[in-house]
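**Student:** Below you'll find the structure I mean.
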Amino acid sequence: EVAPYLVFLTLLTKRWWKSVEKTIFFLLWFLGPILITWIISQKFTSIFFNRYLLYTIPAAMIILVTSRSKITFIPLAVAILTFAIIDIHYFLTPAKLPFRQMSNYVKETKNESDFLINWNSSAHHLWETKFYGIPAPIYISGSGELPYYVGTALMEETDIIREVPVNTERVGAVTSGSLDEVQLEGYSLSEKKEMGNLKFGWYVRTIED
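Note that our numbering has the sequence shown beginning at 215, numbered continuously upward.
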């Protein structure tokens with residue numbers, strides 16, 4: 215929690231007036247992607263993900279290390295050391311969703327006639343389910359299309375479905391969002407399993423053809 219304060223302290227000790235034109239350029243470089251991503255997310259489709267903010271990193275680094283005053287080095291050095299410790303910690307103890315545990319649960323409870331889907335909430339888990347041996351295509355209702363940034367160029371035709379196969383009695387849904395978001399016409403939630411931010415629900419058919 216101390217890292218943001220160190221960065222803020224570094225910014226306070228900078229000589230912003232030393233090169234006004236360069237300062238404005240780097241600030242626009244830093245703020246531009248954030249504002250553009252936010253506007254697109256508000257007006258069109260949500261793309262406010264970490265990967266789209268990577269373009270701000272070079273500008274942020276340049277802003278921190280340029281136009282320094284005599285005392286800027288102190289908070290800057292402490293900030294670099296703090297971030298290095300944080301990065302090492304994340305590298306040694308990465309935060310991963312428990313897909314192995316989920317796949318074991320699915321394999322233990324799945325019947326041969328069951329059908330699995332990926333419910334695309336904030337992110338889909340198509341590749342993870344394939345890797346762990348429980349392939350589940352992404353379910354999209356209606357005529358909408360997945361945006362290209364979710365990896366559609368790498369997907370096969372069978373990786374996306376628009377309806378559950380006929381006569382399927384039970385559907386298993388994988389999501390990292392809320393199970394309340396999962397809406398399958400003719401099916402209701404009968405069993406659920408939550409493993410941290412990863413959720414899985416079994417849905418049984420309630421309407422006979």
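The C-beta atom is built at its ideal place from N, Cα and C for all residues, glycine as well.
All values reported here derive from a predicted model rather than from experimental measurement.
For I354, which residues in the same chain have their Cβ closer than 8 Å to its Cβ, ignoring the five residues on either side in sequence?
**Tutor:** Residue 354 sits at position 140 when you count from the first residue of the sequence shown. Excluding positions up to five away in sequence, the list reads N334, L360, I374, I375, R376.
**Student:** Specify the secondary structure class of E370 as computed by DSSP and reduced to three states.
**Tutor:** Here residue 370 refers to the residue found at position 156 when the sequence shown is read from its first residue. Coil, per DSSP.
**Student:** Determine the contact status of S317 and T227, defining contact as a CB-CB distance below 7 Å.
**Tutor:** Taking the first residue of the sequence shown as position 1, residue 317 is located at position 103. Taking the first residue of the sequence shown as position 1, residue 227 is located at position 13. No, Cβ-Cβ distance for S317 and T227 is not below 7 Å.
**Student:** May I ask which residues mark the beginning and end of the beta strand (DSSP E) holding Y346?
**Tutor:** Here residue 346 refers to the residue found at position 132 of the sequence shown. Run containing Y346: none; DSSP gives neither H nor E here.
**Student:** Where I331 and L267 are concerned, what is the direct C-alpha to C-alpha distance, given to the nearest angstrom?
**Tutor:** One-based indexing of the sequence shown puts residue 331 at position 117. One-based indexing of the sequence shown puts residue 267 at position 53. Taking the straight line from one Cα to the other gives about 29 Å.
**Student:** If you draw a straight line from the alpha carbon of K321 to that of T343, how long is it in whole angstroms?
**Tutor:** Along the sequence shown, read from residue 1 onward, the residue named residue 321 stands at position 107. Along the sequence shown, read from residue 1 onward, the residue named residue 343 stands at position 129. Roughly 12 Å between the two C-alpha positions.
**Student:** Do you know offhand how far V380's Cα is from F244's?
**Tutor:** Taking the first residue of the sequence shown as position 1, residue 380 is located at position 166. Taking the first residue of the sequence shown as position 1, residue 244 is located at position 30. Using only the alpha carbons, I get a separation of about 50 Å.
**Student:** Does DSSP classify V320 as helix, strand or coil?
**Tutor:** What you label residue 320 is simply residue 106 of the sequence shown in a count that begins at 1. In this structure, V320 counts as helix in the three-state DSSP scheme.
**Student:** Determine the direct distance from the alpha carbon of F297 to that of L278, and round the result to whole angstroms.
**Tutor:** The count along the sequence shown starts at 1 and reaches residue 278 at position 64. The count along the sequence shown starts at 1 and reaches residue 297 at position 83. Using only the alpha carbons, I get a separation of about 13 Å.
**Student:** Name the DSSP beta bridge partners of I375, please?
**Tutor:** Residue mapping note: residue 375 aligns to position 161 of the sequence shown, counting from 1. Answer is Y353, bridged to I375.
**Student:** CB-CB under 6 Å to L242, same chain, minus the five flanking residues each way: which ones, in chain order?
**Tutor:** Translated into positions along the sequence shown, residue 242 becomes position 28. Cβ neighbours of L242 beyond the five flanking positions: none.
**Student:** How big is the Cα-Cα spacing for P349 and K310?
**Tutor:** Locating residue 349 in the sequence shown gives position 135, counting from the first residue. Locating residue 310 in the sequence shown gives position 96, counting from the first residue. Answer to the nearest angstrom: the Cα atoms are 19 Å apart.
**Student:** Is there a C-beta anywhere in chain C that falls below 7 Å from the one on N325?
**Tutor:** Structure shown: chain C not included; a single protein chain is present.
**Student:** In this structure, how does DSSP classify Y269 when only helix, strand and coil are distinguished?
**Tutor:** As a working note, residue 269 is residue 55 in the sequence shown. Coil.
**Student:** Could you give the first and the last residue of the continuous beta strand (DSSP E) run that contains V385?
**Tutor:** As a working mapping, residue 385 is identified with position 171 in the sequence shown. Its beta strand (DSSP E) spans residues 384 to 389.
**Student:** Y269 and P247: beta carbons closer than 7 Å?
**Tutor:** Position 55 of the sequence shown, counted from the start, is the residue given in the question as residue 269. Position 33 of the sequence shown, counted from the start, is the residue given in the question as residue 247. Yes, the Cβ-Cβ distance between Y269 and P247 is below 7 Å.
**Student:** Taking only three categories from DSSP, how would you classify V292?
**Tutor:** Here the question's residue 292 lines up with position 78 in the sequence shown. V292 falls in the helix class under three-state DSSP.
**Student:** Residues bridged to W333 by DSSP?
**Tutor:** Here the question's residue 333 lines up with position 119 in the sequence shown. In DSSP, W333 forms a bridge with Y353.
**Student:** Restricting to Cα atoms, I'd like to know which of G410, W341, R384 is closest to G365.
**Tutor:** The count along the sequence shown starts at 1 and reaches residue 365 at position 151. It is W341 whose Cα lies nearest to the Cα of G365.
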